[in-house]
Amino acid sequence: MPLVTIDDIPVEVPEGTTILEAARMIGGDIVPPAMCFHSKLKTSGGYCRTCIVKVEQGSAKDPRPIPKPVASCRTTVMDGMVVRNITSPENLEARAGVVELLLINHPLDCPVCDQAGECHLQDLGYEHGKEATRYEFARREFEPTDIGEHIKLHMNRCILCYRCVKVADQITDGRCHGVINRGEVAEISTYIEKAIDNDFSGNVIDVCPVGALTDKTFRFKSRVWFTKPVDAHRNCAKCCGKVRLWYQGEEVLRVTARKDQWGEVEDNTDGTTAWICNECRFDKKNTTDWTIEGPSKIDRHSVISANHYETSLRNIKADTLKMMGSVPHGVKVELGTGALDPNNLHK
Amino acid sequence: MSKKLLLKNDHIPNIHQLAVYRAHGGYAVLENTLKNSNPDHVLEEVKKSGLRGRGGAGFPTGLKWSFLARPEGVSRYLVCNADESEPGTFKDRYLMERIPHLLIEGMILSSFALGAKTSYIYIRGEYFYVARILEAAIAEAYAAGLLGKNILGSGFDHDCYVQVGAGAYICGEETALLESLEGKRGNPRIKPPFPAVAGLYGCPTVVNNVETIAAVVLILELGGDEYAKIGIGKSTGTKLISASGHINNPGVYEIELGVPVEEFIYSEQYCGGIRGGRKLKAVVAGGSSVPILPAELILKTANGEPRLMSYESLGDGGFATGTMLGSGGFIVMDEDTSIVKNLYTFARFYHHESCGQCSPCREGTGWMEKILHKILEGHGTMQDIDLLWDIQSKIEGKTICPLGEAAAWPVAAAIRHFRSEFESYVQNPENIKDIKHYYRLQN
Ligand SMILES: Cc1cc2nc3c(=O)[nH]c(=O)nc-3n(C[C@H](O)[C@H](O)[C@H](O)COP(=O)(O)O)c2cc1C
Ligand code: SF4
Ligand code: SF4
Ligand code: SF4
Ligand code: FES
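Line order of the protein sequences matches chains A and B. Using this note's numbering, you'd call the opening residue of the first sequence number 1 and step up by one each time. Using this note's numbering, you'd call the opening residue of the second sequence number 348 and step up by one each time.
Listed below in structure tokens is the structure:
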């Protein structure tokens, strides 16, 4: 098995493992942020460039460094490879550059965005970005459109990660969803406004890392951190029927697939991916439709985890709270640390 | 150092017709090779010739061919890259328009070497009329038994098709080209795998430039060793140069690699000097994506040696004081040229042509264009110049395909060598009106 060293931490991984996967095996701060890679979608990754790392030594056999940063999600490790992520200031600077570029045309209208609180771009911005943008020009704009009955597309917020395109390609049949136009004006589209009409189309919502594809049945009902995630299942003829219900009081506000700590849809015990069908997602909104398993274990650190199941305030993104206007008046929050440590709260 | 190989029969009327082409020795190399030689021998000759890809990167062709995977029972393809969309480059068009059979003969010979039963010429949409010329030539070749089953009784079967693109620079990037050829959106693929292993329809594929493939005919005619004697050092053979800009004789020239840049610009045989007797200001030597060099650095290297038209000499000094031969798009600018305006034109091009797949290029190309426009409008600040520099550095090396670099390098080079000109736009906005008038800028 190849031995790779990431930020001075050695790990032995199976042949064919990518640098990103190897880093995830180590865990912690050295894991590069990934916006477009999704472990359950073939050929995903490589687009956003946020997961770039520096390869200081290519392999034991050929120790030369790789001259350019590589996308860790699409680069397989070699035995003896030495990788630097957070221990390379140069790499962090390069990543901050990617983040800035990803954000120059992004509306950052988190206060009115349903994704806020579980948005990978928010996390990315706070953890890897700079305080302010140097972009001074008008941002590109698209009109929001409907993708079918239940899905809203806010192209302004899309980061063109191609995950939804891969879902359409790999999970649904008869794809009519893809990218039209090119460059800066490229956009996600169901060709000629043809709505996706497929039992599994709703999964595009779960893979979208930002608030570009959202669930119309949930739109503006609640901020996610006021809802309580509960795992549940039902006997479904179309899908695995294993879902996450998001409660507010007694009411099920939305149904999603179950996601792991990387925000990616989990696997079933038989190794298939726990994609869910549109019926489970959009039509089964009563507790009586489901067998409740219990509160979801959320180990992805973001605001959703703060409200109910994680006691530590450390996991709250201070800046997020501040942006949401939820920091109590008069509370001073240390910015830039990325975490709202109780010690940082000064009355 | 005049040496004509590719264009040696260029002056012959109707050389685009099969009969005329054959009357001047055309297809003799193919006939001889199919009769008396074998694929390995062709590959050996190409290796010996030292031929380097003429599409821009200058990768040794023989080496590229030897990387082609050859699994049993899997088709292999040769694809000719005739997308030629790099601003300042128009040599492939000239070659295909004038001597289409040279390319077709090269396609058959190269396919023979590679064991490809099918080949494609992918040509940019704007060259539709050239595609017709090629199709007519292919039809003639089929009728004469030079294409199709059992070519010239050799037992070698080969089909060659022309595919017209829809007009996108990015489809010149070899993997975007393959996607487009497969009927998909022309997005570059994420490598690996490389085309040599999984190219067209997932099969091993070689992608070569028009001029590279045409040169194979000449290599087999002369022999690899003889071909390697032409040129200088590792820059063997001849190269087509598309010369444009403020010169007296713009056009396509075949040069023996190693001609001094000064001779190329000033001799009557080539560019014939600067138009109106003005002074040379700068040259973009290898198509819009290579770094621009000021007159003093294009004529002489930083060490004071004469700069030559070769891969090595143009590259001397790295990007600090050198550039690249690239695709051979030689754009000459006289003393009245505005480097900032020129850069804006390039930046606009790359912004327009980015496929939008990866964030740095999709977002950064537009940003750079906007800042350059702001500077040209007279609203620029000194910080904008530094910002431009920073943005290009954030794009370079962080993208899926080299279009990111192609967009970043011109910006870096213009600032590196002509910073004062940017500063004067910032400091003297009142002068800009006149400049705009002079260059008939629209906005
Ligand atoms: C954005 C971009 C555009 C390109 N356009 C062309 C082109 O029009 N013609 C070409 O031959 N090569 C072009 N290339 C280079 C090709 O990717 C490839 O390297 C070349 O076709 C290989 O042929 P060669 O080895 O014969 O040079 C382009 C590359 C990039 C990144
Ligand atoms: S997508 Fe994320 S970063 Fe963008 S507005 Fe929505 S919550 Fe904010
Ligand atoms: S809509 Fe969402 S999932 Fe689809 S490409 Fe855009 S950001 Fe990615
Ligand atoms: S560098 Fe530009 S053209 Fe190349 S893949 Fe990325 S976005 Fe597309
Ligand atoms: S996650 Fe690797 S490039 Fe996007």
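The beta carbon of each residue, even a glycine, is placed where N, CA and C say it ideally should be.
Which residues share a DSSP beta bridge with residue i?
{"i": "Phe677 of chain B", "result": "B:Ala590"}
{"i": "His505 of chain B", "result": "B:Gly495"}
{"i": "Glu329 of chain B", "result": "What is shown of chain B runs 348 to 790, which leaves residue 329 of chain B out entirely."}
{"i": "Thr50 of chain A", "result": "Beta-bridge pairing links Thr50 of chain A to no other residue."}
{"i": "Pro63 of chain A", "result": "Answer is none; Pro63 of chain A lacks a bridge partner."}
{"i": "Asp146 of chain A", "result": "A:Lys152"}
{"i": "Ala629 of chain B", "result": "B:Pro641, B:Met680"}
{"i": "Ser582 of chain B", "result": "B:Ile579"}
{"i": "Glu12 of chain A", "result": "A:Leu3"}
{"i": "Val55 of chain A", "result": "A:Val83"}
{"i": "Val70 of chain A", "result": "A:Val53"}
{"i": "Thr17 of chain A", "result": "Looking at the DSSP assignment, Thr17 of chain A forms no beta bridge with any residue, so it has no partner."}
{"i": "Lys228 of chain A", "result": "A:Tyr247"}
Beta-carbon separation of residue i and residue j under 8 Å?
{"i": "Leu398 of chain B", "j": "Thr408 of chain B", "result": "yes"}
{"i": "Gly675 of chain B", "j": "Lys586 of chain B", "result": "yes"}
{"i": "Gly183 of chain A", "j": "His698 of chain B", "result": "yes"}
{"i": "Pro535 of chain B", "j": "Ile747 of chain B", "result": "yes"}
{"i": "Ile30 of chain A", "j": "Ile86 of chain A", "result": "yes"}
{"i": "Ala186 of chain A", "j": "Leu160 of chain A", "result": "yes"}
{"i": "Val255 of chain A", "j": "Lys216 of chain A", "result": "no"}
{"i": "Leu353 of chain B", "j": "Leu493 of chain B", "result": "no"}
{"i": "Gly405 of chain B", "j": "Val563 of chain B", "result": "no"}
{"i": "Pro2 of chain A", "j": "Asp62 of chain A", "result": "no"}
{"i": "Leu124 of chain A", "j": "Pro33 of chain A", "result": "yes"}
{"i": "Asp418 of chain A", "j": "Val112 of chain A", "result": "For residue 418 of chain A there is no data in the structure shown, the boundaries of chain A being 1 and 347."}
{"i": "Val630 of chain B", "j": "Val679 of chain B", "result": "yes"}
{"i": "Ala23 of chain A", "j": "Ser72 of chain A", "result": "yes"}
{"i": "Leu481 of chain B", "j": "Pro447 of chain B", "result": "yes"}
{"i": "Leu524 of chain B", "j": "Asn428 of chain B", "result": "yes"}
{"i": "Ala632 of chain B", "j": "Thr670 of chain B", "result": "yes"}
{"i": "Glu487 of chain B", "j": "Leu365 of chain B", "result": "yes"}
{"i": "Asp199 of chain A", "j": "Lys259 of chain A", "result": "no"}
{"i": "His177 of chain A", "j": "Cys164 of chain A", "result": "yes"}
{"i": "Lys464 of chain B", "j": "Asp504 of chain B", "result": "yes"}
{"i": "Gly512 of chain B", "j": "Ile470 of chain B", "result": "yes"}
{"i": "His358 of chain B", "j": "Ala484 of chain B", "result": "no"}
{"i": "Asp114 of chain A", "j": "Gly211 of chain A", "result": "yes"}
{"i": "Tyr162 of chain A", "j": "Cys36 of chain A", "result": "yes"}
{"i": "Lys745 of chain B", "j": "Val99 of chain A", "result": "no"}
{"i": "Ile577 of chain B", "j": "Gly571 of chain B", "result": "no"}
Taking only runs of the alpha helix (DSSP H) that begin and end inside the stretch 737-778 of chain B, which ones reach a length of at least 4 residues, in chain order? 750-774
With three or more beta-carbon pairs closer than 8 Å as the criterion, would you say the stretch 15-22 of chain A touches the stretch 129-147 of chain A? no
Answer yes if the stretch 240-249 of chain A comes into contact with the stretch 211-229 of chain A, meaning at least three C-beta pairs across the two stretches below 8 Å, and no otherwise. yes
Measuring CB atoms only, is the stretch 716-728 of chain B touching the stretch 654-669 of chain B, in the sense that at least three cross pairs come out at less than 8 Å? no
Any 3 or more C-beta pairs closer than 8 Å across the stretch 46-53 of chain A and the stretch 86-96 of chain A: yes
Around ligand 4, which residues pass a check of Cβ closer than 6 Å to any of its heavy atoms? B:Ile517, B:Pro535, B:Ser701, B:Cys702, B:Gly703, B:Gln704, B:Cys705, B:Cys708, B:Arg709, B:Thr746, B:Ile747, B:Cys748, B:Leu750, B:Gly751
At 3 residues or longer, what runs of the beta strand (DSSP E) sit wholly inside the stretch 426-476 of chain B? 465-470
Is it the case that the stretch 280-300 of chain A contacts the stretch 228-238 of chain A, given that we only count it when at least three CB pairs across the two stretches are under 8 Å? yes
The stretch 761-768 of chain B contacting the stretch 115-122 of chain A, beta-carbon criterion three pairs below 8 Å: no
Could you pull out every unbroken alpha helix (DSSP H) segment of at least 4 residues lying fully inside the stretch 175-221 of chain A, listed in chain order? 203-207
As a quick check of your reading: which residues have a C-beta less than 6 Å from at least one non-hydrogen atom of ligand 5, in chain order? A:Ala34, A:Met35, A:Cys36, A:Phe37, A:Gly45, A:Gly46, A:Tyr47, A:Cys48, A:Arg49, A:Thr50, A:Cys51, A:Ala71, A:Cys73
Does the stretch 423-435 of chain B come close enough to the stretch 548-555 of chain B to have 3 or more Cβ pairs within less than 8 Å? yes
Could you tell me which whole alpha helix (DSSP H) segments of length 4 or greater appear in the stretch 230-307 of chain A? 303-307
At a cut of 8 Å, does the stretch 698-711 of chain B reach the stretch 609-625 of chain B through at least three beta carbon pairs? no
Whose beta carbon lies closer than 7 Å to any heavy atom of ligand 2, going through the chain in order? A:His106, A:Pro107, A:Leu108, A:Asp109, A:Cys110, A:Cys113, A:Gln115, A:Ala116, A:Cys119, A:Leu121, A:Gln122, A:Gly125, A:Arg157, A:Val210, A:Gly211, A:Ala212
So, does the stretch 430-438 of chain B touch the stretch 510-527 of chain B, judging by three or more C-beta pairs under 8 Å? yes
As an exercise, report each continuous alpha helix (DSSP H) stretch of at least 4 residues that is fully enclosed by the stretch 497-578 of chain B, in chain order. 521-528, 557-569, 571-576
Mind listing, in chain order, the continuous alpha helix (DSSP H) runs of no fewer than 4 residues lying wholly within the stretch 115-142 of chain A? 120-128
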